[in-house]
Amino acid sequence: MQTDIEIAQAAEVWPIEKIAEKAGLTAAEWEPYGRDKAKISVDESARQDGLGKLILVTSINPTPAGEGKSTVTVGLADALSLAGKKTMVALREPSLGPVMGLKGGATGGGYAQVVPMADINLHFTGDFHALTSAHNTLAAVIDNSIYQGNPLNIDPRRLLWKRALDVNDRALRHITIGLGGPTSGVPREDGFDITVASELMAILTLSHDLMDMKARIERIVIGYTYDKEPVTVKDLGVAGALTTLLKDAIKPNLVQTLAHTPTLIHGGPFANIAQGTNSIRATKTALQLADYVVTEAGFGADLGGEKFLDFKVPLLGKTPDAIVIVATVRALKMHGGLPKTELTEPNLDALSAGLANLGQHLKSMSRYGVPVVVAVNRFVSDTPEEIEMVEKYVRERGAEAYMADVWAQGGAGAPELAQAVIAATEQESQFTPLYAPEDDAVTKIEKIVQTIYGGAGVELSDKAAKQLREFAKRGWDKMPVIMAKTQYSLSDDAKKLGAPTDFKIHVREFVPKLGAGFLVALTGSILTMPGLPSHPAAYDIDIDENGQITGLF
Numbered sequence: 001m002q003t004d005i006e007i008a009q010a011a012e013v014w015p016i017e018k019i020a021e022k023a024g025l026t027a028a029e030w031e032p033y034g035r036d037k038a039k040i041s042v043d044e045s046a047r048q049d050g051l052g053k054l055i056l057v058t059s060i061n062p063t064p065a066g067e068g069k070s071t072v073t074v075g076l077a078d079a080l081s082l083a084g085k086k087t088m089v090a091l092r093e094p095s096l097g098p099v100m101g102l103k104g105g106a107t108g109g110g111y112a113q114v115v116p117m118a119d120i121n122l123h124f125t126g127d128f129h130a131l132t133s134a135h136n137t138l139a140a141v142i143d144n145s146i147y148q149g150n151p152l153n154i155d156p157r158r159l160l161w162k163r164a165l166d167v168n169d170r171a172l173r174h175i176t177i178g179l180g181g182p183t184s185g186v187p188r189e190d191g192f193d194i195t196v197a198s199e200l201m202a203i204l205t206l207s208h209d210l211m212d213m214k215a216r217i218e219r220i221v222i223g224y225t226y227d228k229e230p231v232t233v234k235d236l237g238v239a240g241a242l243t244t245l246l247k248d249a250i251k252p253n254l255v256q257t258l259a260h261t262p263t264l265i266h267g268g269p270f271a272n273i274a275q276g277t278n279s280i281r282a283t284k285t286a287l288q289l290a291d292y293v294v295t296e297a298g299f300g301a302d303l304g305g306e307k308f309l310d311f312k313v314p315l316l317g318k319t320p321d322a323i324v325i326v327a328t329v330r331a332l333k334m335h336g337g338l339p340k341t342e343l344t345e346p347n348l349d350a351l352s353a354g355l356a357n358l359g360q361h362l363k364s365m366s367r368y369g370v371p372v373v374v375a376v377n378r379f380v381s382d383t384p385e386e387i388e389m390v391e392k393y394v395r396e397r398g399a400e401a402y403m404a405d406v407w408a409q410g411g412a413g414a415p416e417l418a419q420a421v422i423a424a425t426e427q428e429s430q431f432t433p434l435y436a437p438e439d440d441a442v443t444k445i446e447k448i449v450q451t452i453y454g455g456a457g458v459e460l461s462d463k464a465a466k467q468l469r470e471f472a473k474r475g476w477d478k479m480p481v482i483m484a485k486t487q488y489s490l491s492d493d494a495k496k497l498g499a500p501t502d503f504k505i506h507v508r509e510f511v512p513k514l515g516a517g518f519l520v521a522l523t524g525s526i527l528t529m530p531g532l533p534s535h536p537a538a539y540d541i542d543i544d545e546n547g548q549i550t551g552l553f
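Okay, so the sequence shown: first residue is 1 according to the UniProt record's numbering, each after it adds one.
Take a look at the structure:
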């Protein structure tokens with residue numbers, strides 16, 4: 001059996017100008033980055049023909065067994081193309097940290113992939129490098145301002161802005177800088193976040209244009225003065241420089257699936273520590289170019305799905321016409337308590353227990369008033385009895401489940417799923433947000449916990465409660481809330497699989513992100529700088545004298 005990268009390397013990749021033409025782009029709207037990638041820049045005001053149908057793909061809580069959300073996203077888009085629909089895909093860019101670590105890439109798999117797979121999973125068009133450079137430029141300016149007499153009266157103990165690196169490196173979570181004497185800066189504690197956790201990443205994906213991005217960057221709170229007043233990038237006077245570093249990164253990237261469906265890949269905020277969706281610009285552009293746009297939100301419906309619906313939709317100005325929840329029999333059995341080593345063996349008891357996880361996501365996504373379809377990403381070990389159990393469970397809850405054999409067959413493996421999604425997008429819907437903009441932060445979190453997670457409520461640490469009191473004085477307490485929570489469980493305890501009940505979410509700290517326009521609620525032991533596993537994926541990646549890459553999935 002061929003690996004993902006072997007399938008990608010053997011594929012016929014069309015020249016990017018052919019994909020641009022298929023997408024309906026004019027010559028002035030795209031610029032090539034090599035033979036198979038391009039940056040695009042579409043003037044929204046120049047295209048007033050209406051927007052296409054938006055299909056949001058999300059999933060159950062991920063497990064080591066794998067769910068294949070990106071694979072189903074790509075396969076569904078190719079299936080829609082085979083059905084004669086003008087379709088585009090809109091995805092996030094993979095982070096290099098997980099590519100070299102545990103999670104892997106984000107270009108799909110098998111015959112439902114986006115290419116050039118290796119380039120996308122590595123350096124791509126340099127967007128993440130530009131973000132890292134801009135982030136660390138701001139960090140350097142902050143420390144230089146303190147060193148040069150501290151004219152802004154910045155309190156080094158109350159700085160919020162860390163350094164950033166697109167590498168999983170636990171040794172950099174907590175560091176000391178400025179050592180080496182008077183000429184080496186002012187000694188203080190610091191740390192690194194992974195690049196995708198940077199507020200600049202969130203801003204990039206939320207900005208409508210360069211000037212919107214510049215205005216958002218100006219609003220970033222980097223820390224506080226000794227008088228406990230916020231200090232912003234505008235105070236430092238470097239918003240223009242940072243925006244200049246991101247002038248190309250703000251442009252979405254055009255690539256293609258193996259079946260030559262035009263694909264926009266842009267931005268990469270994690271869904272467990274940020275908003276977990278691709279950029280507003282990419283999604284909006286795809287909606288202007290295609291009749292059907294398939295996009296995904298990171299991790300499960302409790303994280304990326306909720307954030308897409310409650311945070312991105314108001315900014316996008318377009319609600320999904322259908323929601324697809326991806327599940328696998330293997331993952332559901334793991335949620336039912338079966339160890340990974342036994343997942344290929346039939347086990348209806350474990351599957352029955354694990355279906356509660358799918359049930360909670362079905363319930364929470366249906367609550368938004370948008371038609372929901374379940375896609376079962378098929379594995380060869382799935383038995384007819386197991387598939388029937390999943391289909392019956394979903395049907396009893398007012399939805400339908402469809403097999404997606406897209407890893408092995410590409411779009412040809414999901415014709416029924418495609419037709420079901422088309423039918424779902426034609427149904428009448430009444431999108432209803434989870435919370436009102438005027439709700440305070442605690443109310444917003446309680447609604448998320450009770451409705452989306454199926455939990456009892458929220459508990460704030462003394463620090464978090466004190467922060468909210470301070471935020472209320474500044475008018476920050478009613479901003480949207482982005483939950484930073486483990487992706488593996490509906491709760492904030494990664495070990496509680498399935499559908500736990502009567503739990504509370506523990507918020508230990510809030511981080512204000514005024515540029516992005518939200519409050520981050522840090523829960524449990526969530527980290528903004530991941531570490532590498534005992535056997536990182538980097539151990540398996542190699543390259544030969546001809547530049548042929550192996551081991552990259």
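We put the beta carbon where it would ideally sit given N, CA and C, even for glycine.
Pairwise C-alpha distance: residue j and residue i
i: residue 137; j: residue 529; result: 19 Å
i: residue 269; j: residue 116; result: 21 Å
i: residue 436; j: residue 444; result: 8 Å
i: residue 16; j: residue 38; result: 7 Å
i: residue 140; j: residue 164; result: 11 Å
i: residue 373; j: residue 70; result: 16 Å
i: residue 246; j: residue 68; result: 31 Å
i: residue 130; j: residue 516; result: 18 Å
i: residue 336; j: residue 360; result: 14 Å
i: residue 543; j: residue 552; result: 10 Å
i: residue 510; j: residue 119; result: 36 Å
i: residue 513; j: residue 470; result: 15 Å
i: residue 364; j: residue 401; result: 16 Å
i: residue 33; j: residue 459; result: 49 Å
i: residue 499; j: residue 489; result: 8 Å
i: residue 240; j: residue 346; result: 59 Å
i: residue 53; j: residue 155; result: 49 Å
i: residue 123; j: residue 398; result: 43 Å
i: residue 496; j: residue 338; result: 13 Å
i: residue 188; j: residue 491; result: 35 Å
i: residue 312; j: residue 452; result: 17 Å
i: residue 100; j: residue 540; result: 9 Å
Within 8 Å, strictly: CB atoms of residue i and residue j
i: residue 89; j: residue 77; result: yes
i: residue 341; j: residue 253; result: no
i: residue 198; j: residue 135; result: yes
i: residue 508; j: residue 472; result: no
i: residue 526; j: residue 175; result: no
i: residue 243; j: residue 204; result: no
i: residue 66; j: residue 410; result: no
i: residue 7; j: residue 108; result: no
i: residue 282; j: residue 264; result: yes
i: residue 308; j: residue 56; result: yes
i: residue 481; j: residue 518; result: yes
i: residue 297; j: residue 63; result: no
Collapsed DSSP secondary structure at residue i in the structure displayed
i: residue 378; result: coil
i: residue 318; result: coil
i: residue 213; result: helix
i: residue 467; result: helix
i: residue 509; result: strand
i: residue 504; result: strand
i: residue 344; result: coil
i: residue 407; result: helix
i: residue 548; result: coil
i: residue 59; result: strand
i: residue 162; result: coil
i: residue 52; result: coil
i: residue 533; result: coil
Cβ-Cβ separation, residue j to residue i (assumed contact under 8 Å), whole Å
i: residue 484; j: residue 520; result: 5 Å
i: residue 327; j: residue 376; result: 6 Å
i: residue 194; j: residue 549; result: In fact, because the Cβ distance is near 23 Å, the residues do not count as touching under 8 Å.
i: residue 95; j: residue 212; result: The Cβ separation is near 24 Å, so there is no contact.
i: residue 362; j: residue 329; result: Contact flag wrong, Cβ pair sits at about 16 Å.
i: residue 42; j: residue 29; result: 5 Å
The ligand ZN heavy atom lying under 7 Å from the CB of residue i
i: residue 278; result: This structure simply doesn't include the ligand ZN, nor any ligand for that matter.
(request) Count the CB pairs spanning the region 169 to 183 and the region 517 to 537 that are closer than 8 Å, and state whether there are at least three. (result) yes
(message) Pairs of beta-carbons, one from the region 426 to 446 and one from the region 467 to 484, closer than 8 Å: are there three or more?
(response) yes
(request) Answer yes if the region 208 to 222 comes into contact with the region 145 to 152, meaning at least three C-beta pairs across the two stretches below 8 Å, and no otherwise. (result) no
(request) State whether the region 1 to 19 contacts the region 229 to 244, with contact taken as three or more CB pairs (one from each stretch) at a distance under 8 Å. (result) no
(message) Three or more C-beta pairs under 8 Å: does that hold for the region 78 to 98 against the region 310 to 325?
(response) no
(message) For the region 19 to 29 against the region 292 to 307, do three or more pairs of beta-carbon atoms, one drawn from each stretch, fall closer than 8 Å, so that the two count as touching?
(response) no
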